[in-house]
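Student: I'd like to ask some things about the structure below.
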Amino acid sequence: MRMANTWKDSELLPDPTALTLRSVERGGPGWLVETAGPDSAVCPDCGVLSRVRHSSYFRHLSDLPIQGAAVKIKMRVGRWRCRNAGCERQIFCQRLASVTRERAQETNRFGEIAQLLAYALGGRPGERLARRMGLPVSDDTLLRRIKFVGQKRPAARPIPVVGVDDFAWRRGNRYGTILLDLEKGKVVDLLPERSSRSFEQWLRQHSDVSVISRDRQGLYAEGARRGAPAAKQVADRFHLVQNLIQAVERDLAQQRHH
6 MRMANTWKDS
16 ELLPDPTALT
26 LRSVERGGPG
36 WLVETAGPDS
46 AVCPDCGVLS
56 RVRHSSYFRH
66 LSDLPIQGAA
76 VKIKMRVGRW
86 RCRNAGCERQ
96 IFCQRLASVT
106 RERAQETNRF
116 GEIAQLLAYA
126 LGGRPGERLA
136 RRMGLPVSDD
146 TLLRRIKFVG
156 QKRPAARPIP
166 VVGVDDFAWR
176 RGNRYGTILL
186 DLEKGKVVDL
196 LPERSSRSFE
206 QWLRQHSDVS
216 VISRDRQGLY
226 AEGARRGAPA
236 AKQVADRFHL
246 VQNLIQAVER
256 DLAQQRHH
């Protein structure tokens, strides 16, 4: 089913001022929205506007769903010739920062929703809800977003209540440490390894930490005792529930004959 001129640009496009709607097609499990970029572009090096097109190509971006079905944007963008004689760049690709990031495979607004789901639910629960909403994104992708934001956003303010846990840089191979500001509910740092020594060093650089929420293993407990001896250590809710489940299962296994 193919439709044209039946949708408003403002209803579908991430930025109607930067994109022109060509067609909307429903096929298979989702929608295909075909668009075109502007007829000119600014050179990223010298800032001079160019209207001389070298060639064009298509980018395929995931976008917000329509009627609960996934959406792919097929965006035609150009390669342009820079006519500034003093500029070293001769040919450049069109960059639409209001629509998507460079080399990204999704729109900015899709990425914002995925990041919120990652923070709120984590990997697998976030994936299940996202697919139900028409946002095809994997649990690994959601976790990568949290790691990426943690690397790009160093802590700029005191963190009195910090949560610490391990995570896999590469599943089953390499593990690191993730640190969260529990009052803000945001990742504040990622440590390259899972060790008491690295956690101790991090705490010595953040003397304002007063409460540390952790699992019940001794690895981070030792680092906390050395790096922030005055801080109160508490067991986080997730690991307490896991310990309770394991204790109940052991007790039920002993009483199975009843």
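Residue numbering for the sequence shown follows my numbering, beginning at 6 and increasing consecutively.
In this text, a Cβ means the ideal position worked out from N, Cα and C, and glycines have one as well.
(1) Quick test of your reading: A74 and G139, contact by CB under 8 Å. State the CB separation rounded to the nearest angstrom.
(2) Where does P109 sit, in a helix, a strand or coil, going by DSSP?
(3) Which first and last residues belong to the alpha helix (DSSP H) in which L245 is found?
(4) With hydrogens ignored, establish whether the beta-carbon of A109 is closer than 8 Å to any heavy atom of the ligand SAM.
(5) Once you ignore the five residues that flank E227 on each side, which residues in its own chain have a CB closer than 6 Å to its CB?
(6) Among Q206, N178 and A90, which residue has its Cα nearest to the Cα of L184?
(7) Got a sec, what are the start and stop residues for the beta strand (DSSP E) L101 sits in?
(8) State the CB to CB distance for the pair L69 and T105, rounded to an integer number of angstroms; the pair is presumed to be in contact (CB under 8 Å).
(9) So the beta strand (DSSP E) L134 belongs to, where does it begin and stop?
(10) Determine, using beta carbons only, whether D186 and V169 come nearer to each other than 9 Å.
(11) In its own chain, which residues sit with a C-beta less than 8 Å from the C-beta of R255, not counting the 5 before and 5 after it?
(12) Hey, how far is the Cα of G35 from the Cα of K77?
(13) With burial defined as no fewer than 16 other Cβ atoms inside 10 Å of the residue's Cβ, what is the status of G232: buried or exposed?
(14) From the DSSP output, which residues share a beta bridge with W207?
(15) Scan the region 60 to 92 and note each continuous alpha helix (DSSP H) run of 4 residues or more that stays entirely inside, going in chain order.
(16) Where does A41 fall in DSSP's three states?
(17) Comparing C-alpha positions only, which one of F63, R31, K79 and S218 sits nearest to D171?
(18) Which of helix, strand or coil does DSSP assign to R56?
Tutor: Result, derived from the coordinates:
(1) 5 Å
(2) The identity of residue 109 in the sequence shown is Ala, whereas the question assumes Pro. Residue state, collapsed to three classes: coil.
(3) R242 to Q259
(4) Because no ligand of any kind appears in the structure shown, any question about the ligand SAM cannot be addressed here.
(5) S201
(6) Q206
(7) It is not in any beta strand (DSSP E) - L101 carries neither H nor E in the DSSP assignment.
(8) With a Cβ gap of about 13 Å, L69 and T105 do not count as contacting.
(9) First-last for L134: R129 to R137, but that is the alpha helix (DSSP H), not the beta strand (DSSP E).
(10) no
(11) none
(12) 8 Å
(13) buried
(14) Answer is none; W207 lacks a bridge partner.
(15) none
(16) strand
(17) S218
(18) coil
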